[in-house]
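Step one of this worksheet: look at the structure below.
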Amino acid sequence: MPELQADSVAKASISLPTHLYRLLHNDGVYGPVPAVRVAIVGGGLAGLSAAVEVVKRGGSVVLIEKTARLGGNSAKASSGMNAANSTPQLLMGIEDDLDDFKSDTIKSGKGKSLKELVDVLVEHSADAVNFLQGHGIDLSNIVQLGGHSHPRTHRSRSDGKAMNIGWRIMSTLIKYMEAQPSESVQILKNAQATSLIVNDAQHVVGVNVTVTQKGESGDNIREEMQLFVDAVVLATGGYSADREGLLKEYVPEIRNLATTNGPFATGDGVKIAKEIGAGLMHMDQVQLHPTGFVDPKDPANPTKFLAPESLRGCGGILLNQKGERFVNELTTRDAATKAIMSECDRLPLEIVKRAGGKINGVEVVEGNVENNDNLPISAYMLMTEEGIDKFDRTIAKFYIGKGFIQRFENATEFCKAFALPEDVVVDVLENYGKQREDPYGKTVFPVLFSPHAPLYALIVTPSLHYTMGGLKFSQSGQILRDNGEPIVGLFGAGEVTGMHVFVFTLSGLVPTEYTALPLIQRYSPSKSCAVLRFALPSKDHVLGLLCGQYLAVRAQPRTPSEQPIVQFYSPLTPADEFGFFEVVIKHHQAAPGSMPDRMMSLPIGGTLEFAGPLGGFTYEPNMYEKVGMIAGGTGIAPMMQIIRTVIRHPADNTHLSLLYGNAVEDEILCKEELMYIAETRENVRVHMFLEQPPQRWTMGRGYITEEAIKERMPAPGTNSRIVMCGPATMIKVMKETLHRLGYADHQLYIFNETAIEDATAQS
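Residue numbers for the sequence shown, in numbering that gives the first Met the number 0: 0 to 762.
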């Protein structure tokens, strides 16, 4: 098998952007990338965005696209891109808020969005707008679409060309990539990535590719290639067109619905990564878009053009076969889809017959087709002249030319063509937006209707739009194995990852409400301490707290004489651990009725109640150059969170120094793990103190001293932080000592102090 030009094999993971800015932000890689060579599989927006960033930072790219042209499903995107606090919003005087955008996103995700990723998505959404505008793409046309509390969907203003925003973006980035010198960018089209190449350490070092070309006689000639690179980015999209493969395996009940995807959306990246041990998540989660265009001339065609969300955002309303509205048109996709499926019927044969249409190639004439069983459940959308102008009249003309949109002079003509009761439709149009309260909860009415004015009508049906499950991945975009271990050299971008369905803090855990979770295991790492493991709602759930945050735990009374009590605990487990989490308690000499006493008496299967996230200190990779940690007893728990988070992200170069104090050696928690990490990781230092050390003890004796802090903690500075957790008396002394050494309060974070404040709020 011939090899393309080979570069050095990956020695360590390389951070690359996975979804416009996510990787670069989270791994803190802002400078030039070393002279690396990266294979990017997939030529849609995710793949091209990654390629642009690699080239800008001095790397070279081999872009592998399975079809004859770049663009993918991204080229079909037609509504726009969502961003908050963007420059176009500010120039238009649109008031938006990052917290509102986060809240809208989490609400739309129904508790299945990982807060850490939502934060990155929202906080860098304006950067994404800047990225595209930096390539000359106009995004100054802003509308409010379903599920949003403010106008924040950015599109281009009409320039007389029938070009949707997706193709406008893709064509610009394609031109940019094609203009790069060949030593920086190599584009392989009609090239199928068939498998990943791994070395003896199971690091990804390349990809096998089959390139198909037409021979002189017109026959297909296939050439097998081995491409060795420093890193591979999978940007192959989802599997919404893989009816006989992944859809049949994971969601067979919906695999026969129409799809807005091209035939290339067959989950190739998921399949080849799974072959080398990549973990999968939420593969049964597929989003149905409520409005795929139904062509009345070919209504049973399984592939639909997307009827953009912006049609509803610009004033479109939905009617059922009774001529009634039945939903808030600006609700979420999921809610709109469910409403159509429950409130509407299959498309009537009369509409297909009037259009001269065919069903699966059979012309609909009298006696030819017995029923409409093969036709999709459909709704009718109505728009006004003003709404068409708001949307984009040039693009609307394109849809009219395709037969997707029909124009009628008034409601009478429309009702006659669609066999609807005119009195019902007229009543809907006359009252829409004029009632004190909309019966479906709508509060934004972009346009009003008149039964006497022209109407534009289209037929829509819910369609498979994108797959929300996919490969497990880290915040820095590395693909993970089932056990959470990164696959060195392999990254994911866009829909190939399971990025859309991470669980948000215990599947709906919020600071002001409690969720009951069962105890599944309890074990004792020392004579005075115990670790309790609690189950999350499923093995696919994660706790979802940011590193450095903690939980409120509430125990209900066991007897009439007891009261509910609340205490605060930092989980030992990383925030992205699947299926369970652990807390550690000190139970030695626990007072009767105290939280440790109740936890120790809790039977396996018994429940405690949890709320969160709480706490103001959060850690992200490379947030600080150095972090000093001072812990006492079970106060080691949040420090273990930070340490485990750092070592699970190979690109995190933060230097950690831990001072850990206990009374006796048996009380040291995670001792073996801490010593192993300190011995094997250059950026982690650990020093322990014992009040009553054994004779053989070689580390600190007595209490943590001022000299130890001077020697082992990072000096006061803008790029360092000290975090502390332990008994109140210890923390008081440590804080006074740190102040004497020149540390300011803003450079210190004390978990105990925040817990006391939160305890007051909780009570």
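Idealized CB from N, CA, C, for every residue including glycine.
Out of curiosity, what's the CA-to-CA distance linking residue i and residue j?
i: D103; j: H149; result: 10 Å
i: Q520; j: V530; result: 8 Å
i: G386; j: N260; result: 27 Å
i: E778; j: P180; result: With the chain running from 0 to 762 in the structure shown, residue 778 is simply not present.
i: R236; j: G268; result: Checking the displayed sequence, the identity of residue 236 turns out to be Gly instead of Arg. C-alpha separation (whole angstroms): 8 Å.
i: V645; j: L479; result: 16 Å
i: K273; j: G266; result: 11 Å
i: F325; j: M280; result: 34 Å
i: Y702; j: I676; result: 23 Å
i: K352; j: T290; result: 22 Å
i: L89; j: F407; result: 38 Å
i: L657; j: M712; result: 8 Å
i: D744; j: T572; result: 28 Å
i: K709; j: P715; result: 10 Å
i: A306; j: F292; result: 5 Å
i: N370; j: Q477; result: 51 Å
i: Y623; j: E581; result: 26 Å
i: T736; j: E705; result: 7 Å
i: P33; j: A590; result: Below a pLDDT of 50, predicted positions are generally treated as unreliable, and P33, at 49, falls in that range; the measurement from the model is reported next regardless. Those two C-alpha atoms are separated by around 58 Å.
i: H147; j: Y238; result: 27 Å
i: M638; j: K55; result: 37 Å
i: I399; j: F448; result: 20 Å
i: F579; j: I667; result: 23 Å
i: P347; j: G135; result: 46 Å
i: T331; j: L516; result: 30 Å
For the alpha helix (DSSP H) containing residue i, list its first residue and its last residue.
i: I763; result: Absent from the structure is residue 763, since the part of the chain shown begins at 0 and ends at 762.
i: N140; result: Looking at the DSSP string, N140 is not in any alpha helix (DSSP H); the run it does join, the beta strand (DSSP E), is 140-142.
i: V51; result: 44-55
i: E177; result: 164-177
i: Q132; result: 124-132
i: K337; result: 332-342
i: R254; result: Here R254 belongs to no alpha helix (DSSP H), and DSSP marks it neither H nor E.
i: V269; result: 267-273
Around the C-beta of residue i, are 16 or more other C-beta atoms found within 10 angstroms, so that it is buried, or is it exposed?
i: M733; result: buried
i: S523; result: exposed
i: A200; result: exposed
i: V364; result: exposed
i: V228; result: buried
i: S85; result: buried
i: L187; result: buried
i: A727; result: exposed
i: I196; result: buried
i: N81; result: buried
i: K114; result: buried
i: R167; result: buried
i: V28; result: In this prediction, V28 has a pLDDT of 35, which is less than 50 and means its spatial position is unreliable; what the coordinates show is noted afterwards. It counts as buried.
i: I721; result: buried
i: T383; result: buried
i: L419; result: buried
i: F501; result: Confidence at F501 is low in this model, with a pLDDT of 38, below 50, so the placement of that residue should be treated as unreliable; the coordinate-derived value is given next. Classification of F501: buried, given that the 10 Å Cβ count is 16 or more.
i: V361; result: exposed
i: R154; result: buried
i: G741; result: exposed
i: M698; result: exposed
i: K389; result: buried
i: N72; result: buried
i: T460; result: buried
i: K174; result: exposed
i: S216; result: exposed
Please list the terminal residues of the continuous beta strand (DSSP E) segment that includes residue i.
i: S239; result: Premise fails: S239 is in no beta strand (DSSP E) and is neither H nor E.
i: G627; result: 625-631
i: R557; result: That residue, R557, is in no beta strand (DSSP E); it is neither H nor E in DSSP.
i: K585; result: 579-585
i: M224; result: 219-227
Worksheet item: Curious, which full-length alpha helix (DSSP H) runs of at least 4 residues does the stretch 409-439 contain?
Response: Note on the stretch 409-439: whole alpha helix (DSSP H) runs with a minimum of 4 residues are 410-417, 421-430, in chain order.
Worksheet item: Are the stretch 490-497 and the stretch 467-478 touching, with three or more C-beta to C-beta distances below 8 Å?
Response: yes
Worksheet item: Any contact of the stretch 584-595 with the stretch 678-690, i.e. 3+ C-beta pairs under 8 Å?
Response: no
Worksheet item: What residue ranges within the stretch 647-702 form continuous alpha helix (DSSP H) runs of no fewer than 4 residues, ordered along the chain?
Response: 670-679
Item to complete: Could you tell me which uninterrupted beta strand (DSSP E) segments, each at least 3 residues in length, are contained entirely in the stretch 726-751, listed from first to last along the chain?
Response: 747-749
Practice prompt. Indicate whether the contact test is met: 3 or more Cβ pairs, each with one atom in the stretch 305-325 and one in the stretch 371-383, closer than 8 Å.
Written response: yes
Practice prompt. With a floor of 3 residues, list each beta strand (DSSP E) that falls wholly inside the stretch 344-404, ordered by position along the chain.
Written response: 378-382
Practice prompt. May I have a chain-ordered list of the alpha helix (DSSP H) segments no shorter than 4 residues that lie completely inside the stretch 439-476?
Written response: none
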